[in-house]
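Participant: Handing you a structure now.
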Amino acid sequence: MRYGFDIGGTKIAFAVYNEQLTLLESEVYATPAHDYDAFLALITRLVLQADARFGSQANVGLGFPGVLDGRGNILAPNVPAIHGRDLLSDLQQRLNRAVYGDNDANCFLLSEYHGGAVSGSQLALGLTLGTGMGGALIYEGRLVNSDRAGCGEFGHGPVGADVLLRHPGLPLYPCGCGRIACLETYVSGTGLARLYRHFGGHECDGKAIIAAWLRGETEAKCCMDTYFDVLGAGLGTLMTQLDPDAVVLGGSLGETTWLHEALAERLPAYMMKGIEPAPVRPPVFGGAGGVRGAALLAGQPDLPFSSPV
Ligand SMILES: [Zn+2]
Numbered sequence: 001m002r003y004g005f006d007i008g009g010t011k012i013a014f015a016v017y018n019e020q021l022t023l024l025e026s027e028v029y030a031t032p033a034h035d036y037d038a039f040l041a042l043i044t045r046l047v048l049q050a051d052a053r054f055g056s057q058a059n060v061g062l063g064f065p066g067v068l069d070g071r072g073n074i075l076a077p078n079v080p081a082i083h084g085r086d087l088l089s090d091l092q093q094r095l096n097r098a099v100y101g102d103n104d105a106n107c108f109l110l111s112e113y114h115g116g117a118v119s120g121s122q123l124a125l126g127l128t129l130g131t132g133m134g135g136a137l138i139y140e141g142r143l144v145n146s147d148r149a150g151c152g153e154f155g156h157g158p159v160g161a162d163v164l165l166r167h168p169g170l171p172l173y174p175c176g177c178g179r180i181a182c183l184e185t186y187v188s189g190t191g192l193a194r195l196y197r198h199f200g201g202h203e204c205d206g207k208a209i210i211a212a213w214l215r216g217e218t219e220a221k222c223c224m225d226t227y228f229d230v231l232g233a234g235l236g237t238l239m240t241q242l243d244p245d246a247v248v249l250g251g252s253l254g255e256t257t258w259l260h261e262a263l264a265e266r267l268p269a270y271m272m273k274g275i276e277p278a279p280v281r282p283p284v285f286g287g288a289g290g291v292r293g294a295a296l297l298a299g300q301p302d303l304p305f306s307s308p309v
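Everything in the sequence shown is counted per this note's numbering, starting at 1 for the first residue and increasing by one.
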C-alpha cells in the first residue's frame, strides 16, 4: 500500500495504491492555502482514515509545486501555507512513518517512466505546461536532482537570440524567478494568454485561444505561430544539450494532441544540423500522473533525494 498526495495552490489530490500500483481510491480536497496547522491536520486526517479503511500503515509521498531548499524546507510560493516549512519532518512526526516529497514535475516524470510514455528510456525528459512550466530528468531510472534543488527548471532561462531575431516585436516579460524573457513566460498557460493579448486577442484561457486558432482567427493564428516557434526553439535547445531518448509533455497544454502534431512538424528546424529530434510523447496518465508519481516516491525509498527526513 502507498499513499500519494499531489499538492496544488487550490486543490490537493489524495490517492491510495496497492503495491502493484493499482489505484484503489482517489479524492480531491481544497488546499488550506494560508494555514499551516490546517494543512497538517488535513493530511494527517486523510492518512489516518485511510490506515483505518485499509488496515495498513502505508508510507506517504507528496508532490508539490516547488523545491526542497537543501535543509529540508519546502519553497513553494504558490502554496503559502507550506512555503518555507519543514513539512516532511512535521508530517513524519505526526504520522510516525516515512514521508517523502519532491517537485511535482519530478513526480509527473517518475510516473511516466514507470509504465508510461517514457518507460525504459535511459535518459527521459519531462516538461509540464500548465500555469507555469515544470521540468524533470530521469537517468537510468533515477530522478536527476541535487541537494541544491535547482535541476529541471528548464523554463527559467531566456529565449534564444534566434527567436528574438525572428520575432523582433516579441515583448520581454519579467519572470517570477527574477530574470527577463524566460521560456516559461511564453510557453506556460499564463504565457500563452499573455501572447494572445499581445497579438490583439481578448483576455481568456488557453482552451479558448486554441478554439479561436482552430476557427482560423487571425489574432490566434499569430499567437500560436509565435508560441510554437518559442516552444520549438526551447525544446530543440534542450534536446541538443541534453540528448534525451524520449520526451513527455504534460500539464493542461502538454496533453493536447495538436501541440504534439505542431511540434513534430517544426522541431527538426530547431535541432543541430544532422541530429534527429527525440520522440515527443503525450502522457499516458494525464492529470493523475502527479499523484501516481508521489505514490511511487513513497514506494521507492532508494530513489535519490527522496530519502526519509
Ligand atoms: Zn524565470
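Note that beta-carbon positions come from the ideal geometry of N, C-alpha and C, so glycine has one too. Please read these numbers as outputs of a predicted model, since none were measured by experiment.
Less than 7 Å between the CB of residue 182 and some heavy atom of ligand 1, yes or no?
Facilitator: As a working mapping, residue 182 is identified with position 182 in the sequence shown. The answer is yes for residue 182.
Participant: Determine the DSSP secondary structure at residue 26, reduced to helix, strand or coil.
Facilitator: If you number the sequence shown from 1, residue 26 lands on position 26. Three-state result, residue 26: strand.
Participant: Taking 7 Å as the cut-off, is the beta-carbon of residue 202 closer than that to any non-hydrogen atom of ligand 1?
Facilitator: Position 202 of the sequence shown, counting from 1, holds the residue named residue 202. No, ligand 1 has no heavy atom inside 7 Å of this Cβ.
Participant: Per DSSP, which one or two residues make a beta bridge with residue 59?
Facilitator: What you label residue 59 is simply residue 59 of the sequence shown in a count that begins at 1. According to DSSP, which records beta bridges pairwise, residue 59 is partnered with 2.
Participant: At the level of alpha carbons, what is the spacing between residue 236 and residue 123?
Facilitator: Here residue 236 corresponds to residue number 236 of the sequence shown, with the count starting at 1. Here residue 123 corresponds to residue number 123 of the sequence shown, with the count starting at 1. Taking the straight line joining both Cα atoms gives about 16 Å.
Participant: Report the residue from 260, 240, 29, 55 whose alpha carbon sits nearest the alpha carbon of residue 272.
Facilitator: As a first step, residue 272 must be located in the sequence shown, where it is residue number 272. Measuring from the Cα of residue 272, the nearest candidate turns out to be 240.
Participant: Check residue 71 in the structure and name its three-state DSSP category.
Facilitator: Along the sequence shown, one-based indexing puts residue 71 at 71. Correct three-state label for residue 71: coil.
Participant: What distance in whole Å lies between the Cβ atoms of residue 133 and residue 157, which are believed to be in contact at a cut-off of 8 Å?
Facilitator: Looking up residue 157 in the sequence shown gives position 157. Looking up residue 133 in the sequence shown gives position 133. Actually they do not touch by this definition, with Cβ atoms about 11 Å apart.
Participant: Contact between the region 220-231 and the region 184-202: three or more CB pairs below 8 Å?
Facilitator: At 8 Å Cβ cutoff, the stretches touch.
Participant: Quick one: does the C-beta of residue 179 sit closer than 7 Å to a heavy atom of ligand 1?
Facilitator: Numbered from 1 along the sequence shown, position 179 holds the residue referred to as residue 179. Answer for residue 179: yes, Cβ within range of ligand 1.
Participant: Closer than 7 Å to a non-hydrogen atom of ligand 1 - does that hold for the CB of residue 223?
Facilitator: As a working mapping, residue 223 is identified with position 223 in the sequence shown. Outside the cutoff, so no.
Participant: Taking the CB atoms as reference points, tell me whether residue 27 and residue 285 lie closer together than 8 Å.
Facilitator: Stepping through the sequence shown from its first residue, residue 27 is reached at position 27. Stepping through the sequence shown from its first residue, residue 285 is reached at position 285. Against a cut-off of 8 Å, the Cβ pair of residue 285 and residue 27 comes out as no contact.
Participant: Can you find at least 3 beta carbon pairs, one from the region 86-94 and one from the region 49-59, that sit closer than 8 Å?
Facilitator: Taking 8 Å as the limit for Cβ pairs, the verdict is that the region 49-59 does not touch the region 86-94.
Participant: Measure the CB-CB distance between residue 84 and residue 75 and report whether it falls below 8 Å.
Facilitator: On the sequence shown, position 84 is the one that residue 84 refers to. On the sequence shown, position 75 is the one that residue 75 refers to. Result yes, Cβ atoms of residue 84 and residue 75 sit closer than 8 Å.
Participant: What did DSSP end up calling residue 181 once you bin it into helix, strand or coil?
Facilitator: Sequence index remark: in the sequence shown, residue 181 carries index 181 (1-based). Correct three-state label for residue 181: coil.
Participant: Residue 37 and residue 64 look like a contact to me (Cβ under 8 Å); what is the Cβ gap, rounded to whole Å?
Facilitator: Against the sequence shown, residue 37 aligns to sequence position 37. Against the sequence shown, residue 64 aligns to sequence position 64. About 18 Å separates the two Cβ atoms, so there is no contact after all.
Participant: Between the region 94-109 and the region 132-146, do three or more beta carbon pairs fall short of 8 Å?
Facilitator: Result yes; three or more Cβ-Cβ pairs closer than 8 Å.
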